[in-house]
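Have a look at the structure below before the remarks.
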Amino acid sequence: MLPEFSDGELVERAARGDEGAFGALYDRRQGGIYRFALQMSGSREIAEEVTQEAFITLARGLSRYEAARGTVSAYLYGIARKLVLRWIERDRGFENGDAVEAIVGESGPLEGLLQSETVEAVRRAVLALPASYREAVVLCDLQEMSYEEAAEAMGCPVGTVRSRLNRGRALLAERLRAAKWCFA
């Protein structure tokens with residue numbers, strides 16, 4: 070493993086043929102890409118496909134990455150974003166039926182059930198958002214990206230991210246209130 074190298078250095082090393090560097094980058098970033106794709110699509114299968122395809126796309130085009138244009142992370146999220154949106158467009162009518170496992174921890178069964186129901190309600194509300202608002206909410210609120218990183222990944226200005234995030238949060242709050250899931 071090559072943990073001491075930055076993402077950019079790993080990409081440079083991988084472009085020179087260092088397979089270990091690409092493996093280290095994959096190990097470091099695949100979890101976030103998978104979670105993003107899962108939160109955007111609601112499907113484990115799509116998330117797995119998108120994650121795999123995002124890294125294949127990166128591997129095939131290592132020389133196309135330009136550090137001056139943004140971070141490796143934002144570049145990968147941008148690739149994953151385009152792939153997820155293609156899946157959603159292709160399968161407009163697909164059901165978001167995969168259940169996302171709730172983390173119950175060491176709580177009692179009733180608390181675990183309530184937490185599972187809350188997670189499921191939020192998951193459904195996020196998936197019901199239009200894709201442009203959903204990606205802003207997923208990137209900024211769930212993936213905890215900065216506005217600048219999200220703008221790089223989404224390929225739009227920071228102001229657009231802020232407005233989509235604001236509208237997405239408002240729509241999400243409306244949907245959760247309608248589902249009687251109020252959060253203080």
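For the sequence shown, my numbering gives the first residue as 70, with consecutive numbering after it. For each residue, glycine too, the CB sits at the ideal point set by N, CA and C.
Pop quiz: residue i and residue j are said to be a contact at Cβ under 8 Å. What is the actual Cβ separation, rounded to whole angstroms?
i: Glu221; j: Thr140; result: 7 Å
i: Gly237; j: Leu198; result: 6 Å
i: Ala137; j: Gly77; result: 10 Å between Cβ atoms; not a contact.
i: Glu218; j: Ser142; result: 7 Å
i: Val80; j: Tyr134; result: 5 Å
i: Ala106; j: Ala116; result: 4 Å
i: Glu204; j: Arg159; result: Going by Cβ atoms, the distance from Glu204 to Arg159 rounds to 17 Å, so no, they are not a contact pair.
Going by the beta-carbon positions, is the gap between residue i and residue j smaller than 8 Å?
i: Val191; j: Leu245; result: yes
i: Ile157; j: Ala123; result: no
i: Tyr216; j: Arg233; result: no
i: Leu152; j: Tyr202; result: no
Hey, quick one: how far does the alpha helix (DSSP H) through residue i stretch, first residue to last?
i: Gly111; result: Per DSSP, Gly111 belongs to no alpha helix (DSSP H) and is neither H nor E.
i: Val153; result: Val141 to Arg159
i: Ser215; result: Per DSSP, Ser215 belongs to no alpha helix (DSSP H) and is neither H nor E.
i: Val80; result: Asp76 to Ala84
i: Leu240; result: Val227 to Ala247
i: Arg133; result: No alpha helix (DSSP H) holds Arg133; DSSP gives it neither H nor E.
i: Glu204; result: Ala200 to Val206
Spatial neighbours of residue i within its chain, please: CB distance less than 7 Å, with the 5 preceding and 5 following residues excluded, ordered by chain position.
i: Leu145; result: Arg98, Ile102, Ala123 and Leu127
i: Ala84; result: Leu131 and Ser132
i: Gly224; result: Gly147
i: Gly100; result: none
i: Tyr95; result: Phe124
i: Ala17; result: With the chain covering 70 to 253 only, the question about residue 17 has no answer from this structure.
Once you ignore the five residues that flank residue i on each side, which residues in its own chain have a CB closer than 6 Å to its CB?
i: Ala242; result: none
i: Ala248; result: Ala190
i: Gln108; result: Val207 and Leu211
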